[in-house]
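Following: one structure in structure tokens, then a few remarks.
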Amino acid sequence: MSIDEATPAFPFPAPDTFEPPEEFRRLRERAPVARVTLPTGDQAWLLTRYADVRAALVDPRLSRAAAEAPDAPRMGNTTPGPKTILGMDAPDHSRLRRLVTQAFTARRVEALRPRIEQLAEEQIRLVLVAPRPVDLMSCYALSLPIKVIFELLGVPYDDVDRLHAWSEVIFSLGGHTAEEVREARGAITGYLRELIERRRAEPTDDLLGVLVHARDEGQRLSEEELLDFAMILMTVGHQSTANSLGTALFTLLHHPDQLELLRKKPELIPGAVEELLRFNPFVFTGTQLRVATEDLTIGETEIRKGEAVIASLGSANHDEEVFADPDRFDVERTPNVHLSFGYGIHHCLGAQLARLEMQIALRTLIERVPDTLKLAVRADWLTWKTGLTARALVNLPVTW
Amino acid sequence: MGEQWRVTVHKTCRRSGICAAQAPRYFSVDDDHRTRPPAGPVAPDPELIDVAEACPAEAITLTDLVTGRPVTAPAESAAGRGTREVRP
Chain P
1 MSIDEATPAF PFPAPDTFEP PEEFRRLRER APVARVTLPT GDQAWLLTRY
51 ADVRAALVDP RLSRAAAEAP DAPRMGNTTP GPKTILGMDA PDHSRLRRLV
101 TQAFTARRVE ALRPRIEQLA EEQIRLVLVA PRPVDLMSCY ALSLPIKVIF
151 ELLGVPYDDV DRLHAWSEVI FSLGGHTAEE VREARGAITG YLRELIERRR
201 AEPTDDLLGV LVHARDEGQR LSEEELLDFA MILMTVGHQS TANSLGTALF
251 TLLHHPDQLE LLRKKPELIP GAVEELLRFN PFVFTGTQLR VATEDLTIGE
301 TEIRKGEAVI ASLGSANHDE EVFADPDRFD VERTPNVHLS FGYGIHHCLG
351 AQLARLEMQI ALRTLIERVP DTLKLAVRAD WLTWKTGLTA RALVNLPVTW
Chain C
1 MGEQWRVTVH KTCRRSGICA AQAPRYFSVD DDHRTRPPAG PVAPDPELID
51 VAEACPAEAI TLTDLVTGRP VTAPAESAAG RGTREVRP
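Those protein sequences? They're chains P and C, same order as listed.
Taking full-length UniProt numbering, the leading residue of the first sequence gets 1, the next gets one more, and so forth.
Taking full-length UniProt numbering, the leading residue of the second sequence gets 1, the next gets one more, and so forth.
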């Protein structure tokens with residue numbers, strides 16, 4: 001039985017930005033498959049229970065490709081695009097994913113550990129010599145993931161300022177117009193097109209070089225797919241990690257007892273990263289919207305072909321059916337089956353890399369910065385970007 | 001009796017759900033959120049090789065029950081994938 005009420009606007013406003021919106025709990029209890037109105041005025045079904053969210057993410061009838069159709073319901077001005085890995089279903093999705101899977105497996109990523117540790121050490125030295133308060137967001141959380149993904153892809157770090165500015169617009173964190181998003185996308189694609197031409201003249205063994213090789217030698221993807229893939233790897237690769245890392249550092253500073261626990265027992269860091277990911281407000285808006293390719297039923301709700309479905313990862317991560325005392329932040333929580341990286345074929349390609357970067361960043365910060373480390377301002381004075389795609393900190397001033 | 005494979009999901013499984021989405025005939029998720037392989041031996045199927053290769057945790061292995069050796073993609077196909085030389 002679903003509760004008949006006016007369709008609420010989604011994404012929900014959060015009470016204090018870093019805690020899950022109250023509506024999630026209410027909907028999980030009373031209307032787990034709820035009709036919501038999106039910023040575009042389009043309607044969607046919002047799934048808030050863990051079990052429904054996970055089931056939807058492995059359901060081939062809920063299509064990402066159909067959500068990229070010109071007349072499909074829209075969340076806002078930005079969609080990844082039909083030629084990106086995020087906008088595809090099997091078998092196109094599997095074909096593209098296979099090209100880079102090997103670069104992102106647990107073993108491959110582990111091999112990057114020494115280099116990431118070195119980069120973290122370089123960044124933390126900047127933090128240590130900077131005048132206090134230091135903005136951990138710009139000096140640490142943002143710069144580390146950018147350096148890692150640029151190196152992995154083979155994008156020159158000299159161009160970081162332009163590329164970062166464009167990807168901020170593409171992620172639409174500040175609520176940009178459709179026109180601005182299109183322009184930024186054009187700029188980034190133009191940049192990558194040039195870089196790809198240089199790879200053709202001088203082949204490299206970085207990730208971009210591998211994709212160019214797959215295009216030119218194996219005809220395994222089209223030129224447009226190649227460009228879009230490079231764009232997604234670069235933008236998502238640094239934006240999601242940087243924003244998740246920044247929020248993770250904030251969450252720990254906001255729970256000093258938990259931070260203290262990690263100082264005493266650094267072996268808890270990998271588990272703490274999982275809990276930080278579960279708590280990550282980055283996913284409060286849900287996943288990319290999916291469109292039903294046939295009539296189907298979720299719970300007791302009938303969903304018609306062509307209708308939009310949003311699986312809320314943030315709500316699933318706080319489902320009391322799965323997580324005891326779900327709103328408590330507990331770095332020792334185990335098991336921790338959060339869905340922050342998604343689930344199913346679109347499970348985050350960079351999950352292992354993001355985990356490793358967060359683990360190293362935390363450990364380096366804890367080891368190198370004095371244990372008097374604290375937020376330099378009240379938590380409720382911090383500014384958050386609350387655009388459509390994600391929720392993240394603008395800055396994180398700390399002192400010690 | 002033809003050739004048969006055993007499918008194993010190792011403890012390194014990070015629950016990406018990729019196998020359960022890609023090959024629901026073979027992989028299921030139980031109430032503990034653990035990924036389960038088929039209970040018994042299965043007939044050889046190239047789809048299983050694809051799924052094993054797609055696992056980001058490299059947690060899925062296939063064993064040829066006749067030879068007792070791990071099943072891997074044919075060399076030709078692996079080279080054709082063009083991903084072996086990645087040195088990030």
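Note that the Cβ used here is the ideal one computed from N, Cα and C, for glycine as well.
Cβ pair residue i, residue j closer than 8 Å
| i | j | result |
| --- | --- | --- |
| Y48 of chain P | P32 of chain P | Here residue 48 of chain P turns out to be Thr, not Tyr, going by the sequence shown. In this structure, P32 of chain P lies closer than 8 Å to T48 of chain P by Cβ. |
| L207 of chain P | V58 of chain P | no |
| I7 of chain C | P44 of chain C | According to the sequence shown, residue 7 of chain C is Val rather than Ile. Not a contact, by the Cβ cut-off of 8 Å. |
| E149 of chain P | L356 of chain P | The sequence given here has Ile at residue 149 of chain P, not Glu. No; because the gap between Cβ atoms is not below 8 Å, this pair is not in contact. |
| I18 of chain C | H347 of chain P | yes |
| A214 of chain P | L221 of chain P | yes |
| M137 of chain P | L375 of chain P | no |
| R199 of chain P | V212 of chain P | yes |
| A392 of chain P | G237 of chain P | no |
| L268 of chain P | V331 of chain P | yes |
| F341 of chain P | T251 of chain P | no |
| N280 of chain P | S315 of chain P | no |
| Y191 of chain P | L163 of chain P | yes |
| F282 of chain P | S240 of chain P | yes |
| D295 of chain P | K83 of chain P | no |
Where residue i sits in the DSSP three-state scheme
| i | result |
| --- | --- |
| A78 of chain C | Reliability fails at A78 of chain C, whose pLDDT of 40 lies under 50, so the model's placement of it is uncertain and the value that follows must be treated cautiously. Helix, per DSSP. |
| A34 of chain P | strand |
| R263 of chain P | helix |
| R28 of chain P | helix |
| S63 of chain P | strand |
| R6 of chain C | strand |
| V212 of chain P | helix |
| T372 of chain P | coil |
| A311 of chain P | strand |
| D135 of chain P | strand |
| I290 of chain P | At residue 290 of chain P the sequence reads Arg, which differs from the Ile that was named. If DSSP states are grouped into helix, strand and coil, R290 of chain P belongs with the strands. |
| residue 401 of chain P | Missing from the structure shown is residue 401 of chain P; chain P here goes from 1 to 400 and no further. |
| A316 of chain P | helix |
| K83 of chain P | coil |
| K11 of chain C | coil |
| S340 of chain P | coil |
| S28 of chain C | strand |
| R97 of chain P | helix |
| L393 of chain P | strand |
Beta carbon proximity, residue i to chain P, threshold 8 Å
| i | result |
| --- | --- |
| A54 of chain C | yes |
| I60 of chain C | no |
| A43 of chain C | no |
| A23 of chain C | no |
| R15 of chain C | yes |
| T72 of chain C | no |
| T12 of chain C | yes |
| I49 of chain C | no |
| A39 of chain C | no |
Cβ of residue i within 8 Å of any chain C Cβ
| i | result |
| --- | --- |
| T334 of chain P | no |
| R97 of chain P | yes |
| L252 of chain P | no |
| Q352 of chain P | yes |
| V134 of chain P | no |
Proximal chain C residues relative to residue i, where beta-carbon distance stays under 8 Å
| i | result |
| --- | --- |
| T101 of chain P | E53, A54, P56, T83 |
| A106 of chain P | T12, R14, P56, A57, E58 |
| V337 of chain P | R15, H33 |
| V58 of chain P | G17, A20, A21, P24 |
Neighbour list for residue i in chain P, Cβ cutoff strictly below 7 Å
| i | result |
| --- | --- |
| T8 of chain C | In chain order: nothing, as chain P lies at least about 16 Å away. |
Within chain C, the residues that residue i reaches when beta carbons sit closer than 7 Å
| i | result |
| --- | --- |
| H347 of chain P | S16, G17, I18 |
Within chain C, the residues that residue i reaches when beta carbons sit closer than 9 Å
| i | result |
| --- | --- |
| G344 of chain P | S16, G17, I18, A20, A21, Q22 |
Contact test: residue i Cβ vs the ligand SAH heavy atom, cutoff 7 Å
| i | result |
| --- | --- |
| C13 of chain C | The ligand SAH is not part of this structure, which contains no ligands at all. |
Between the segment 105-118 of chain P and the segment 319-337 of chain P, are three or more C-beta pairs nearer than 8 Å? Judged by Cβ distances under 8 Å, the segment 105-118 of chain P makes no contact with the segment 319-337 of chain P, as fewer than three pairs qualify.
Are the segment 68-84 of chain P and the segment 358-375 of chain P touching, with three or more C-beta to C-beta distances below 8 Å? As far as the Cβ criterion goes, the segment 68-84 of chain P does not touch the segment 358-375 of chain P, which means the pair count is below three.
Spell out a yes or no on whether the segment 270-278 of chain P and the segment 39-53 of chain P are touching, meaning 3 or more CB-CB pairs, one atom from each, closer than 8 Å. no
For the segment 75-85 of chain P and the segment 35-45 of chain P, state whether three or more C-beta atom pairs, one from each stretch, are separated by less than 8 Å. Contact holds between the segment 75-85 of chain P and the segment 35-45 of chain P, because three or more Cβ pairs, one in each stretch, are under 8 Å apart.
Inter-stretch contact at 8 Å, needing at least 3 Cβ pairs: the segment 18-30 of chain P / the segment 287-305 of chain P: no
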